[in-house]
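Only one structure is covered here, and it is reproduced in the block below.
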Amino acid sequence: MRPRPEHYLQLITECVRNSSTDKIRDAGDSRGGGKQAMELLQLMKRSGSNPDVRHFTAVVDACGKAGDWIDASDVFQQMQLEGVKPNVRTWNALLNAIGTAGQVGKMLATYEDMCASGEQPNIITMTTLLDHAGAAGEMDTVEDIRRELHDRQLVPDVSSYNTLINCFATAKDPGKAEEVLAEMVQSTAVKPNVISFNRCVQYANIGYTICAEQHHHYNCRAARSVC
Numbered sequence: 048m049r050p051r052p053e054h055y056l057q058l059i060t061e062c063v064r065n066s067s068t069d070k071i072r073d074a075g076d077s078r079g080g081g082k083q084a085m086e087l088l089q090l091m092k093r094s095g096s097n098p099d100v101r102h103f104t105a106v107v108d109a110c111g112k113a114g115d116w117i118d119a120s121d122v123f124q125q126m127q128l129e130g131v132k133p134n135v136r137t138w139n140a141l142l143n144a145i146g147t148a149g150q151v152g153k154m155l156a157t158y159e160d161m162c163a164s165g166e167q168p169n170i171i172t173m174t175t176l177l178d179h180a181g182a183a184g185e186m187d188t189v190e191d192i193r194r195e196l197h198d199r200q201l202v203p204d205v206s207s208y209n210t211l212i213n214c215f216a217t218a219k220d221p222g223k224a225e226e227v228l229a230e231m232v233q234s235t236a237v238k239p240n241v242i243s244f245n246r247c248v249q250y251a252n253i254g255y256t257i258c259a260e261q262h263h264h265y266n267c268r269a270a271r272s273v274c
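Taking my numbering, the leading residue of the sequence shown gets 48, the next gets one more, and so forth.
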């Protein structure tokens, strides 16, 4: 019996999970999750099944997590040539693949392509951009992305706030990190978690006491609520 499209999607998704581990290589296969996902996509086509946006997105994701941003870009172009329109998840997977490889300039250019295509970025898109720009130490770019996030009226979630805090803390700018934390504390949409405070406190200088005091207050309040 010929495998159904759902079966191929399940197999490709498993490649995504394995891309960031050594499972495949431990089993004696040196291709990695991205290459296997691409082969499954070709096998699916040869069997007469037409992959949809879910299959292509999963392959792009697998390539990205395996560190193969060029393969991820090739698969993305391939799906467009075949008339399959990428959705926001596909774009996000591609941006993450390129950003993970440290190609921040290419990532930002791809983001511009996304916007030009009419696909609206979501908070995951912006968090991905922030994460990789911050990791590359491009703080001017981080500030630009932060402004665009607000201009687009996207509501930051815990992940995006924590990513911002990490960007500024890693750049040894605890004042900015505390500024983001204060914005988070005052937000009605989201509240900081322990990770938020820990990232801020981890990089704070002795002179910065507000964050530490808020951290202590938050933990005490959390402890009381558990009791």
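The C-beta atom is built at its ideal place from N, Cα and C for all residues, glycine as well.
DSSP three-state label for residue i, please.
i	result
Leu211	helix
Gln5	Nothing about residue 5 can be read from this structure; the chain reaches only from 48 to 274.
Asp187	helix
Val100	helix
Pro50	coil
Glu61	helix
Glu166	coil
Lys92	helix
Lys70	With a pLDDT of only 45 at Lys70, under the threshold of 50, the placement of this residue in the model should not be trusted; the figure read from the coordinates follows. Helix at Lys70.
Asn245	helix
Val237	coil
Gly114	coil
Ala216	helix
Ala148	coil
Leu56	helix
If you follow the alpha helix (DSSP H) that residue i is in, where does it begin and where does it stop?
i	result
Pro203	Note, Pro203: premise wrong, no alpha helix (DSSP H); not H, not E.
Gln233	Pro221 to Gln233
Lys153	Val151 to Ala163
Ala180	Ile170 to Ala182
So, using beta-carbon positions, are residue i and residue j closer together than 8 Å?
i	j	result
Thr188	Trp138	no
His179	Met154	yes
Ser206	Leu228	no
Gly146	Thr175	yes
Arg288	Leu56	Residue coverage of the chain in this structure runs from 48 to 274, which leaves residue 288 outside it and unanswerable.
Val107	Leu142	no
Pro203	Val237	yes
Ile170	Leu201	yes
Arg136	Pro168	no
Asp99	Val131	yes
Between residue i and residue j, what straight-line distance do the alpha-carbon atoms span, to the nearest angstrom?
i	j	result
Ala105	Asp115	14 Å
Ala216	Gly181	10 Å
Gln233	Pro239	10 Å
Glu225	Val63	35 Å
Gln124	Gly222	42 Å
Leu58	Leu88	10 Å
Ala144	Lys112	7 Å
Gly81	Leu196	31 Å
Phe51	Asp220	Note that residue 51 corresponds to Arg in the displayed sequence, not to Phe. One C-alpha to the other measures close to 52 Å.
Asn134	Gly184	29 Å
Ile257	Glu230	Low per-residue confidence applies at Ile257: pLDDT is 44, beneath 50, and the placement is therefore not dependable, though the value from the model is reported in the following sentence. Roughly 13 Å between the two C-alpha positions.
Asn97	Ile192	37 Å
Ser120	Arg194	27 Å
Ile117	Thr210	25 Å
Secondary structure, alpha helix (DSSP H): runs of 4+ residues fully inside the stretch 116 to 144: 116 to 128
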